[in-house]
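A.B. asks:
In the working numbering, the protein residues as written are 3 to 401.
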């Protein structure tokens, strides 16, 4: 019996090494990775630049407290500011911590303005913001809330895509709107540019802050550095993690300078957040993501994936019920139980995928994916659909 908490429905599969788009298990079998450790391994496996940066950093200082200046952290923060809307950055270890910082920053901003009663955040059904008590309250999923006592107050939930439902929830206590530009866990739902622009307008009209959760959809996954760029809006706060460390635990809360100005010593902190080792890796990831032509290639591959998914839908209309997502954060709502499909693809076809809400098969390949990789993944999914049809036609043989 394992000594670990039983919080994960783990497979017995264990990986020993990775190279590019491939993972290799303890028996030497290779798998095409369209999972990326839930959108973390943006540069695939064994990227030479990241490996080199890790080895170099390991020979220096691994950790110091944030009571000292950390040059790699200063450098990464400045580069993120130069590449985005933000003026200030707070580094964390995870996406949930980045969201906690975002929520605290928004509430403290209004407190510092003498509006302490403005603490409520409007979030959305189908969202996922983390597993802390505050972030499960922000997500609002009853399955994640059950068993953990009273729900952390201060969150209301609107319907994605429905501006009227958002406006109806605005009150004198509302301080911010929180949304994923592309929902991941909740079902791979991409918000329209018009809806995102409408949320920005509502925030401007009612003197509220717009907080974006780009933990999964940011850092190039949709073909631009951040997904909000497609809609042409400027957020007030953005939470990011996953791909920012390329596999090393790292997250960040990016904010406009005036919004973060009240976050002075004593208001927030993180022991490990932004330590020398983590931010050295973060800088190495940024070297690749912001290199000339990299995001253009990611965008091109996102379009290729969309096209190939459309072909798959035409060939298997009984299996592909709906296509969702944006760029290399894509989803297929399917007619067979999605967890069974994930297992079938992994065990029978050597393709790693992940499920999402609403019976959606989620595809999250590393950003280095090629069209040949996409074609191989589509062939594997098609083969799985064919096998399901063959089993349905001959149940006796399947059993």
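Cβ coordinates follow ideal geometry from the N, Cα and C atoms, glycine included.
1. When you compare the segment 185–204 with the segment 162–169, are there three or more beta-carbon pairs, one atom per stretch, that lie closer than 8 Å?
2. Out of 95, 96 and 120, which has the shortest C-alpha to C-alpha gap to residue 107?
3. Of all the options 23, 56, 27 and 94, which has the alpha carbon lying nearest to the alpha carbon of residue 1?
4. Rounded to a whole number of angstroms, what is the C-alpha to C-alpha distance between residue 217 and residue 63?
5. Sort out for me which residues DSSP pairs residue 122 with in a bridge.
6. How would you label residue 136, buried or exposed, when you count the other beta carbons within 10 angstroms and need 16 or more for buried?
7. Could you check where the beta strand (DSSP E) with residue 326 kicks off and where it finishes?
8. Assign residue 282 to one of three DSSP states: helix, strand, or coil.
9. Let's test the definition: count the other Cβ atoms within 10 Å of the Cβ of residue 7 and tell me whether it reaches 16, buried, or not, exposed.
10. Looking only at its chain, what residues have a beta carbon closer than 7 Å to the beta carbon of residue 177, apart from the 5 residues adjacent to it on each side?
11. I think residue 356 touches residue 369, with their Cβ atoms under 8 Å apart; what is that distance to the nearest whole Å?
12. What are the residues that DSSP puts in a beta bridge with residue 242?
13. Where do the N-terminal and C-terminal ends of the beta strand (DSSP E) with residue 335 fall, by residue?
14. Give a yes or no on contact between the segment 241–258 and the segment 72–91, applying the rule of three or more CB pairs nearer than 8 Å.
15. Whole angstroms is fine: what's the gap from residue 23's alpha carbon to residue 58's?
16. Would you kindly work out how many angstroms separate the C-alpha atoms of residue 282 and residue 55, rounded to a whole number?
17. At the level of alpha carbons, what is the spacing between residue 377 and residue 348?
18. When DSSP builds the beta bridges, which residues end up paired with residue 357?
19. So within the segment 64–135, which uninterrupted alpha helix (DSSP H) runs reach at least 4 residues, ignoring any that extend past its ends?
20. So, helix, strand or coil for residue 371, using DSSP?
21. Take residue 74 and list the residues in its own chain whose beta-carbon comes closer than 7 Å to its own, dropping the five residues that flank it on each side.
22. For the ligand ATP, I want to know if residue 300 counts as a neighbour, meaning its beta carbon is within less than 7 Å of at least one of the ligand's heavy atoms.
23. Counting Cβ pairs closer than 8 Å, one from the segment 195–202 and one from the segment 42–50, do we hit at least three?
24. Give me, in chain order, the residues of the same chain whose beta-carbon lies closer than 8 Å to that of residue 227; leave out the 5 immediate sequence neighbours on both sides.
25. Closer than 8 Å by C-beta to residue 118: which residues in its own chain qualify, once you throw out the five before and the five after it? Chain order, please.
26. Taking 8 Å as the threshold (C-beta atoms), are residue 168 and residue 214 in contact?
27. State the start and end residues of the unbroken alpha helix (DSSP H) segment that holds residue 200.
28. For residue 354, which residues in the same chain have their Cβ closer than 8 Å to its Cβ, ignoring the five residues on either side in sequence?
29. Quick one: what's got a C-beta closer than 6 Å to residue 380's C-beta in the same chain, skipping five residues either side?
30. For residue 351 and residue 339, what's the separation of their Cα atoms in angstroms?
31. Would residue 244 and residue 42 be called neighbours here (beta carbons separated by less than 8 Å)?
32. Go ahead and pull the three-state DSSP assignment for residue 160.
33. Taking the alpha-carbon positions, what's the residue 223 to residue 66 distance?
34. Which value, in whole angstroms, describes the spacing of the CA atoms of residue 21 and residue 288?
35. Starting from the N-terminal side, write out each stretch of the alpha helix (DSSP H) that is 4 residues or longer and does not extend beyond the segment 40–64.
C.D. replies: On the basis of the coordinates in this document:
1. yes
2. 120
3. Limits of the chain in this structure are 3 at one end and 401 at the other, which puts residue 1 out of reach.
4. 27 Å
5. 176
6. Counting Cβ neighbours within 10 Å, residue 136 comes out buried, since at least 16 surround it.
7. 322–328
8. helix
9. exposed
10. 108, 109, 112, 120, 121, 122, 123, 210 and 211
11. With a Cβ gap of about 16 Å, residue 356 and residue 369 do not count as contacting.
12. 254
13. 331–336
14. yes
15. 24 Å
16. 7 Å
17. 17 Å
18. Residue pairing by DSSP places residue 357 opposite 363 in a beta bridge.
19. 73–85 and 97–114
20. coil
21. 278, 281, 282 and 285
22. Among the ligands in the structure shown, none appear at all, so the ligand ATP cannot be discussed.
23. no
24. 85, 86, 220, 221, 291, 292 and 297, listed in sequence order.
25. 112
26. no
27. 195–207
28. 25, 33, 34, 35, 36, 37, 347 and 348
29. Excluding positions up to five away in sequence, the list reads 310 and 314.
30. 17 Å
31. Contact flag set, yes.
32. strand
33. 31 Å
34. Taking the straight line from one Cα to the other gives about 20 Å.
35. 50–60
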